[in-house]
Each structure stands twice: as structure tokens, then as C-alpha cells.
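> Please find one structure pasted underneath; my questions will follow.
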Ligand SMILES: [Zn+2]
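Residue numbers (our numbering): 14 to 547.
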């Protein structure tokens, strides 16, 4: 009999947030779980971002191979225009597909890049899906008829809703914080109820759910969550906001407890995140810096970051490329989320740019200048790491990647807007991503009370396959995390390497629909709210 495996995703889960909550008794179940399970940091990919992070976790492949490097991608290899990524762009097979081919079933709830749906053996309710189309985007479609009968089911709160996401943007005004947190508390409950229903009515060998409120709350409410930033003498309002954040995590702890109970003592339960989190206190205006250094010419209508006005409107992100004066621009950044810099090379993507033979010298000089850039007030180095594309994205999909990817000293995302100064303190601390996510596991045959050195996010998929007693496809880049298993288990049931994965079939040409367009608008609204669209 195959052991059942449960994967609980915590988007943006990080020990720097969770450990204080464990100490304060906010998450008692998780504390016990870890006392008798294993824990370790989970190193995310470059860049440590939701779409590449989860895609790497569920494929066991790196972004240079699966092709998901950002929320966005060029429309085509020859285009300077960008669009949002979707399931069509995932070039490697998912865990759900791998296990389906071998006769097992999966339940998959709220994972990104699951639309348009691909058939699997099991059940998928996709994340990041507009509520209006959720019925059609569930797999199988008949699943929707079942989940809508769950008591308390609320479609608009479960899926994406332009009005609610829009309201969430206004939620960045402080009097809406309470509504925003309560909304995420209710949304997680919606997802949990679907999971409980399916675990009861149609149990699968692999059950996976993603709770994404962890990421949302940390982005907007970091100073209320991180004890270092929470005031020693908080106002009644500050205390109330913190209490609500704690209520979110308390509820999450309860859900984890119930999921573990539902899975039963024979199941192996894994918790993992796509990236970690930390504070961001300043903004680096990469394009303003590139302009200052003579690489970028602004178009006359380029927006300036003037605080509130000057933000790119919804939908203009895909026109962004046109806002940089193409003729004299040799390097530019297209999205804040990627922390990437593209070099304009003549003939590539129809650009004028530099001649191909100038590419290496220009890129090396740019890297050097990025490292040399220092904070005018403190003299500190701002760009702490620059990866050329062949280091960050080796693989078949590398041509889609930025030429350079940066890590900046406060761990945050760059701004692509114009600004008079290239480095500016943020008016308020916000949460931003870090490469160190979380990995936690407990189950029969797993070691107990063990703290591990960091694992790689691409090790999760092969580890879950091993737990499901399946061979690990030979082309997975990650490895089974042998160190989490008791040695007797590895001895009795050696790791098997099997046939390579199958490449996902391309969707038919012209299958893009109004659903995609509506979906894009809603995803953009959500991204704008989280600070990824400027
Ligand atoms: Zn994330």
C-alpha cells in the first residue's frame, strides 16, 4: 500500500516569522509537530519569487528549465512586450502529472500557474483564478458542482475578485487593515473547507494545498508581525492589528492540526514555502541608475515616482517597454519583481542596441559598475550580488531570462520608475522576499526532532516521490533529501531512479480566451497591491 503524502504550502513562510509565534504559543500544534519531526531552511531559486518558487518546488526543476522566471515573460522570444505567465509556459512536468502517469491520484488546491487546467488523475482547484471562471478552470469541471455545496462556500472570497482585490489595494490605507486581514482569514478557511471535503469524500495519495495569506499579510503588515519592528508601547489600534495577524496564524495552526489528523498516522506530512521573508527599508531605482550611467534613455512620457501619482496604471505594464526610449537604450529593467536587467542587443527582440560582439564587454562593465554603486549617505555597497543569466538560469529556457539578475542589500525588489534620486528610504517598512524559505516534515520513517542544514527547493519533488514509493525521474535536478529518513527505511526501500519526465504538451494555438484576459487583469490588480506592478 502506498503511503499517503500531504504537502502544505505556506507562501512566503519563514522561520523568522514562525519561530517567535511558536515561542509565544500562537502555533502550539506546529511546535509539537516540529518537536517530533524535521525542520530546515529551504533555499529558493533566483529570483526568490512566487511563480518560479512554486514551479520549481512542484517540478523538481530549475527556472532555466521550466521557464518560469517571473510573474511576467516576453510575449515571444522576439518581442519587447511582456505578459503574465500561465500554465502554458511551464515547460516541465508537475508532480501531479508524474504521479498520475503511475496510477496515483492528487488533490491540488490553490497553486499558481494551474490555469488553463491540464488533466491529471485527481482534483485541481487552481489559485490565481478569477471567480467568474473558476467553474470552468477546476479539474475536472464537475468538481465545481461538488465544492459549491460545501456549507459556507463563497466563490468570490475563495477565488480572485477584481472588486475584492481592488479593495485590497485601498486596504493599504490603514483604516482598511482590519478588513484586509479578516478577508484573508475567511479566504484560507474557504480553501481549508474544500481540502477537508476532498480528504473525506475522495482521498488521494497526494494531497497538496497552498495557503497564500502568509505572503499577503507579511507584504503589507510586516511591522505588525516582526517583533523587532512592533512598537514597545503600541497604540490600541496597533495592538488590535497585531492581534488579528496572530489570529490568522492561530487559525492556520488549527488547519494544519486538522489536516494532519485527517491524513492519519500513516501519512507523511510536509510543509514548505516558495521563499522566505524579511523587511525592506529602501528603494533602489534601477532604471534611474541605468539612466545616470548612460545606459538608458527615458521616453518623453515615462512616469516618475512622485509618491502616489505617476504609477503605471493597470495594463500599462505590457506597454512598459515602449516607455523606455528604444533608440539609445542599451540596458533596462522591465519588472520590479524580477530584479532583472536586460541588455539591448542589435537584432535580439527587434532591438537596435549594442552589436553582438560588444555584449560581453558591456555586460562586464555594467556588473562592475553595479557592484561599485554605493549609498551616497553611508557609502555602503547597495547591489550585493549580480548573476549573469548563464549562472541564474542555465537550461533550455535561458534565452527568455534577463541578462543580469540583482540581489540588493535590503533584500527587496527594485523599482523600475524614474526618480531624481536612485536610492530612497521607504516611508514605512514593508515585507519583502528572502531566499530562505521553510521545510518541515513528519511521518513514519522520518527522523524525529531533527534540525537540518538548508535543503534546496528542487529537492522537495523527488523527496515526495520517494515517500510515495515511486521512482525519481532521471531528469529531476533535485535529490531525495535522504537525511530526513531513518537509515533503516533507506535500506529497506532504496531510492529508485526511473524514466525521465514527459514534456507537457503544448496547448493548441489560439486557445487564449477572454478568460485569460480577464484573469490577467485580476492578477495585475493583485500584483499591484503587493507592489510588483508600479
Ligand atoms: Zn510567494
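Using N, Cα and C, we set each Cβ at its ideal position, and we do this for glycine too. None of the values given here were measured: they were computed from a predicted structure.
Taking residue 29 as part of the alpha helix (DSSP H), name the residues at either end of that continuous run.
28 to 36 is the span of the alpha helix (DSSP H), which, as asked, contains residue 29.
> Flag this pair as yes or no: are the beta carbons of residue 54 and residue 450 separated by less than 9 Å?
Going by C-beta atoms, residue 54 is nearer than 9 Å to residue 450.
> Mapping DSSP to helix, strand and coil, what is residue 49?
Coil at residue 49, not helix or strand.
> For residue 324, which of helix, strand or coil comes out of DSSP?
Bear in mind that a pLDDT of 41 at residue 324, under 50, signals an unreliable position, so the number given afterwards is only what the model happens to contain. Coil.
> Tell me which same chain residues have a C-beta within less than 7 Å of the C-beta of residue 207, skipping the five on either side of it?
Correct list, in chain order: 122, 138, 160 and 163.
> At a cut of 8 Å, does the stretch 36 to 56 reach the stretch 436 to 444 through at least three beta carbon pairs?
They do not touch, by the three-pair rule.
> Just the Cα atoms here: how many angstroms apart are residue 192 and residue 203?
Their backbone Cα atoms lie some 16 Å apart in a straight line.
> Check whether the stretch 16 to 26 and the stretch 207 to 225 are in contact - that is, three or more C-beta pairs closer than 8 Å.
Yes: the two stretches touch, three or more of their Cβ pairs being nearer than 8 Å.
> With distances taken from each beta carbon to the nearest heavy atom of ligand 1, which residues come in below 5 Å, in chain order?
Those satisfying the condition are, in chain order, 24, 25, 63, 228 and 287.
> Let me make sure I understand the geometry here. Which of 543, 517 and 57 has the alpha-carbon closest to that of residue 127?
Comparing Cα positions, the closest option is 517.
> Could you spell out the range, first to last residue, of the alpha helix (DSSP H) harbouring residue 400?
No alpha helix (DSSP H) contains residue 400, which is instead part of the beta strand (DSSP E) from 396 to 401.
> Do you know how far the Cα of residue 235 is from the Cα of residue 4?
Outside the displayed range of the chain (14 to 547) lies residue 4, so it cannot be described from this structure.
> Use the C-beta contact count for residue 226: other C-beta atoms within 10 angstroms, 16 or more gives buried, fewer gives exposed.
Burial call: buried.
> If you drop the 5 nearest sequence neighbours on each side, which residues of the same chain put their C-beta closer than 6 Å to that of residue 113?
The residues are 133 and 134.
> Let's test the definition: count the other Cβ atoms within 10 Å of the Cβ of residue 328 and tell me whether it reaches 16, buried, or not, exposed.
Any answer about residue 328 is weak, because its pLDDT of 45 lies below 50 and its placement is not dependable; what the coordinates show is given next. Residue 328 is exposed by the Cβ-count criterion.
> What residues match up with residue 302 in a beta bridge as DSSP calls it?
Answer is none; residue 302 lacks a bridge partner.
> In chain order, what residues of the same chain lie with their CB nearer than 6 Å to the CB of residue 423, ignoring the 5 residues before and after it?
Counting only Cβ-Cβ distances below 6 Å, and skipping sequence neighbours, we find 293, 294 and 295.
> For residue 184, which residues of its own chain have a beta-carbon under 6 Å away from its beta-carbon, when the five flanking residues on both sides are left out?
Note that residue 184 scores a pLDDT of 45, beneath 50, so its modelled location is shaky; the value from the coordinates is reported in the next line. Cβ neighbours of residue 184 beyond the five flanking positions: 193.
> When the cut-off is 9 Å and only beta carbons count, does residue 539 lie next to chain C?
Absent here is chain C; the protein component of the structure consists of one chain.
> Rank 157, 151 and 418 by C-alpha distance to the C-alpha of residue 62 and give the top, closest one.
Selected option, being the one with the closest Cα: 418.
> If you check the beta carbons only, do residue 58 and residue 470 fall under 9 Å apart?
In this structure, residue 470 lies closer than 9 Å to residue 58 by Cβ.
> I believe residue 443 touches residue 232 by the beta-carbon criterion, under 8 Å. Please report the beta-carbon distance rounded to the nearest angstrom.
The Cβ separation is near 7 Å, so the contact holds.
> Please list the terminal residues of the continuous beta strand (DSSP E) segment that includes residue 212.
Looking at the DSSP string, residue 212 is not in any beta strand (DSSP E); the run it does join, the alpha helix (DSSP H), is 190 to 214.
> List in chain order: all unbroken alpha helix (DSSP H) runs of 4+ residues lying wholly within the stretch 41 to 109.
Fully enclosed alpha helix (DSSP H) runs of 4 or longer: 41 to 48, 63 to 72 and 76 to 79.
> Going residue by residue through the stretch 359 to 445, where are the continuous beta strand (DSSP E) segments of at least 3 residues, counting only ones entirely within it?
Whole beta strand (DSSP E) segments, 3+ residues: 396 to 401 and 417 to 421.
> On the DSSP letters alone, give me the boundaries of the alpha helix (DSSP H) that residue 296 sits inside.
Looking at the DSSP string, residue 296 is not in any alpha helix (DSSP H); the run it does join, the beta strand (DSSP E), is 289 to 297.
> Run through DSSP, which three-state label would residue 242 get?
Of the three classes helix, strand and coil, the one that applies to residue 242 here is coil, per DSSP.
> Excluding the 5 residues flanking residue 14 on each side, which residues of the same chain have their C-beta closer than 6 Å to its C-beta?
With a pLDDT of 45 at residue 14, under the threshold of 50, the modelled position of this residue cannot be trusted, and the question is left open.
> From the DSSP output, read off the bridge partner residues of residue 127.
Partner(s): none; residue 127 has no beta bridge.
> What alpha helix (DSSP H) runs, 4 residues minimum, are completely inside the stretch 140 to 170?
Qualifying alpha helix (DSSP H) stretches, in chain order: 147 to 150 and 156 to 160.
> So, is residue 181 buried or exposed, given that buried needs 16 or more other C-beta atoms within 10 angstroms?
Unreliable placement is indicated for residue 181, whose pLDDT of 48 sits below 50; no coordinate value is reported for it.
> Locate the alpha helix (DSSP H) running through residue 520, then write down its first and last residues.
That residue, residue 520, is in no alpha helix (DSSP H); it is neither H nor E in DSSP.
> Whole angstroms are fine: how far does the CA of residue 265 sit from the CA of residue 39?
Rounded to the nearest angstrom, the two C-alpha atoms are 10 Å apart.
> Could you have a look at residue 261 and say whether DSSP puts it in helix, strand or coil?
Residue 261 falls in the helix class under three-state DSSP.
> Can you list, in chain order, the residues of its chain whose CB lies under 7 Å from that of residue 486, leaving out five sequence neighbours each side?
Counting only Cβ-Cβ distances below 7 Å, and skipping sequence neighbours, we find 111, 511, 512, 513 and 514.
> How would you write the range of the beta strand (DSSP E) that residue 284 sits in, first residue to last?
Residues 281 to 285.
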